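I have placed the structure first, in the form of structure tokens, so that the comments after it can refer back to it.
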Amino acid sequence: MKKYSIYLFVLLAFVSAGCNKYLDQAPDERTTLNNPSKVSELLVTAYPRANHVLLAESMSDIPAFVSATGIDFAVNQNGFFWKDVEAVDQDSPTYYWNACYTAIGAANQALAAIAKASNPQAYSAQKGEALVARAYSHFMLVTLFSKCYNPTTAETDSGVPYVTDPETVVFKKYDRKTVAYTYQQIEKDLLEGMPLIVDNYKVPAYHFTRKATYAFACRYYLFKKDAVKVIEYANLAFPSNNFADNVRPWKSYATFNATQLEAAYTNAASPGNLLLAETVSRLGRNYKRPVYSVSQNRLNAIIAPVGTPLNSYAIYSNSSTFYYVLKFVEHFVRTNINASTGTGYVMVPLLTTEEVLLNRAEAYIMQEKYPEALTDMNTLISTRVTTYNPATQNFTEAKIKTFYAGTTTDTKQAFFNALLDLKKAEFVHEGMRWLDILRHKLPVVHYDANGAEFTLKAEDNRKLWQVPSEVTLSGVEQNPR
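Numbering-wise, the sequence shown is residues -19 to -1, 1 to 462 according to mature numbering (1 follows the signal peptide of the UniProt record, and there is no 0).
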């Protein structure tokens, strides 16, 4: 029952969204991958040209109803009420699904060319990038479209098709298999590709460097709840433990105007951006004032974890109603020089220094190494307060226990709460909170414009993004509801 054609969706995305230059090439043109340089050029397309941010953010516990004067769009409206998004254009689940499998197709095409080469050893760096990129796209798909990894149910929970061969027919069938199988294949590709990565890219932030690969490993093993591996790969990413020097310098951003800040946040030269991707998206225009977003009071509460205001973030507003931390900018490309229509592109951070640091802190909490977790959390805090005073602004065990005394008396859970609230502040508007909600099985409560309450339970099937409706054309059941 779980079989269908992956590239049916990719072709539908191509017809409706226009697009990928790689897919525009005739098959005979793609077979001329006869040297490492050409394979490297192909691998530029092995990263999803779509993102999950707007929908993930809308589904999380960050937004609330702010005003009907905001931008009303399906991803925000449906996401906020955890309804399936029927739209198939940019920022929808279907668009992201298709973009991931298109990227996987490019990686597979590269690996096939390498396997056919007379001197495959000359392509080892390209092979490493292709394997890790393939693992990343599959990981994001299984994270968003399947149940979160649980060792007790992973052998029965439906995964996503793990595609390892280039398509040669349009309607080839695939099996979703299980979450356990998908994770096994991700880990296999990741560990095989990791030692082959060579840091010789012209623009490292657009590729899987060693550091970005270790960051991805950190995230993968965090979802597997393997604290030892999370710490191992965080330390490999930053062997000098110099996280404070490599996170985004929000204190320096204080002197920037809005244009400068938008350019800086997703700048490839920033050491905080370990992996960036150019995505077709309306994120740049829509994250600032959707109907369901954040008010001034709500944002102020979010960026004050454990009662510590992180006041170096640049806060802006629209009509003194919709408040946001300035992060993204849209690059609009017109259809032609005289056209009023075109396509919006947004650079999105896929992996960051901040995530590696806080993932390590979470792993320390898993091991009940609270002093080490505090050191990591306070390292970030020291870079997020304009006039930093460790005596009053650092997290301490006593402060954390007191702050969460009304919700838990368990020290470990209190530390988890503090860590997750710090991540919620740091990654606001980036969709990262949704990943934490999935991993920790957190419930979410939303209220509509009239104050009616809506609840997404911890194990709610609506947490699984619905796979594209086109799968029913092949008799495939979608995710349960």
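Backbone N, C-alpha and C fix where the C-beta goes; we use that ideal spot for every residue, glycine too. Remember, it's a predicted structure, so these values are computed and weren't measured experimentally.
Evaluate residue i with the Cβ neighbour count: other Cβ atoms within 10 Å of its Cβ, from every protein chain shown; 16 or more gives buried, anything less gives exposed.
{"i": "aspartate 226", "result": "exposed"}
{"i": "lysine 136", "result": "Reading off the sequence shown, one finds glutamate at residue 136, where the question assumed lysine. The residue is exposed, with fewer than 16 neighbouring Cβ atoms inside 10 Å."}
{"i": "threonine 133", "result": "exposed"}
{"i": "tyrosine 195", "result": "buried"}
{"i": "aspartate 72", "result": "buried"}
{"i": "valine 426", "result": "exposed"}
{"i": "asparagine 267", "result": "buried"}
{"i": "serine 18", "result": "exposed"}
{"i": "glutamine 6", "result": "Confidence is the limiting factor: at glutamine 6 the pLDDT is only 43, short of 50, which leaves the residue's position unreliable, though a coordinate-based value still follows. Exposed."}
{"i": "glycine 140", "result": "buried"}
{"i": "histidine 421", "result": "exposed"}
{"i": "arginine 270", "result": "buried"}
{"i": "lysine 192", "result": "buried"}
{"i": "asparagine 375", "result": "buried"}
{"i": "glutamine 102", "result": "exposed"}
{"i": "alanine 208", "result": "buried"}
{"i": "threonine 323", "result": "Reading the sequence as shown, one finds glycine at residue 323 and not threonine. With fewer than 16 other Cβ atoms within 10 Å, it is exposed."}
Which class does residue i belong to by DSSP, given the choice of helix, strand or coil?
{"i": "alanine 45", "result": "strand"}
{"i": "tyrosine 273", "result": "strand"}
{"i": "isoleucine 52", "result": "strand"}
{"i": "phenylalanine 204", "result": "helix"}
{"i": "leucine 159", "result": "The sequence given here has threonine at residue 159, not leucine. Strand, per DSSP."}
{"i": "valine 337", "result": "helix"}
{"i": "histidine 188", "result": "coil"}
{"i": "lysine 444", "result": "helix"}
{"i": "asparagine 254", "result": "strand"}
{"i": "proline 101", "result": "helix"}
{"i": "leucine 291", "result": "coil"}
{"i": "arginine 462", "result": "coil"}
{"i": "proline 176", "result": "helix"}
{"i": "glutamate 349", "result": "coil"}
{"i": "tyrosine 246", "result": "helix"}
{"i": "valine 452", "result": "helix"}
{"i": "valine 141", "result": "coil"}
{"i": "proline 330", "result": "strand"}
If you check the beta carbons only, do residue i and residue j fall under 9 Å apart?
{"i": "glutamate 343", "j": "valine 228", "result": "no"}
{"i": "alanine 116", "j": "leucine 177", "result": "no"}
{"i": "aspartate 441", "j": "tryptophan 63", "result": "yes"}
{"i": "leucine 419", "j": "phenylalanine 126", "result": "no"}
{"i": "isoleucine 346", "j": "threonine 289", "result": "no"}
{"i": "leucine 112", "j": "glycine 51", "result": "no"}
{"i": "leucine 307", "j": "leucine 242", "result": "yes"}
{"i": "valine 272", "j": "phenylalanine 120", "result": "no"}
{"i": "asparagine 216", "j": "threonine 145", "result": "no"}
{"i": "tyrosine 305", "j": "valine 275", "result": "yes"}
{"i": "tyrosine 326", "j": "valine 261", "result": "yes"}
{"i": "phenylalanine 313", "j": "leucine 264", "result": "no"}
{"i": "alanine 68", "j": "proline 29", "result": "no"}
{"i": "glutamate 259", "j": "tyrosine 202", "result": "no"}
{"i": "asparagine 398", "j": "threonine 388", "result": "yes"}
{"i": "isoleucine 167", "j": "valine 123", "result": "yes"}
Report back the beta-carbon spacing between residue i and residue j to the nearest angstrom; my notes put them in contact at under 8 Å.
{"i": "leucine 339", "j": "leucine 400", "result": "7 Å"}
{"i": "alanine 106", "j": "valine 179", "result": "4 Å"}
{"i": "proline 142", "j": "arginine 157", "result": "6 Å"}
{"i": "methionine 358", "j": "leucine 257", "result": "In fact, because the Cβ distance is near 25 Å, the residues do not count as touching under 8 Å."}
{"i": "proline 449", "j": "threonine 436", "result": "No, proline 449 and threonine 436 are not in contact; Cβ-Cβ is about 27 Å, not under 8 Å."}
{"i": "valine 337", "j": "cysteine 199", "result": "5 Å"}
{"i": "threonine 367", "j": "alanine 282", "result": "With 8 Å as the limit, threonine 367 and alanine 282 do not qualify as a contact, their Cβ atoms being about 19 Å apart."}
{"i": "residue 469", "j": "asparagine 223", "result": "The chain is shown from -19 up to 462; residue 469 falls before or after that span and cannot be answered."}
{"i": "leucine 23", "j": "alanine 91", "result": "5 Å"}
Taking the alpha helix (DSSP H) that residue i belongs to, which residues open and close that run?
{"i": "glutamate 38", "result": "34 to 40"}
{"i": "tyrosine 77", "result": "74 to 97"}
{"i": "aspartate 402", "result": "392 to 407"}
{"i": "alanine 379", "result": "378 to 384"}
{"i": "leucine 264", "result": "264 to 267"}
{"i": "glutamate 22", "result": "17 to 24"}
{"i": "threonine 367", "result": "First-last for threonine 367: undefined, no H or E at that position."}
Go to residue i, then tell me how far its beta strand (DSSP E) extends in each direction, as first and last residue.
{"i": "histidine 421", "result": "First-last for histidine 421: undefined, no H or E at that position."}
{"i": "serine 298", "result": "296 to 299"}
{"i": "leucine 437", "result": "434 to 437"}
{"i": "valine 306", "result": "303 to 306"}
{"i": "arginine 315", "result": "311 to 315"}
Can we count residue i as close to the ligand ATP, meaning its CB is less than 8 Å from some heavy atom?
{"i": "alanine 295", "result": "This structure does not include the ligand ATP; it has no bound ligands of any sort."}
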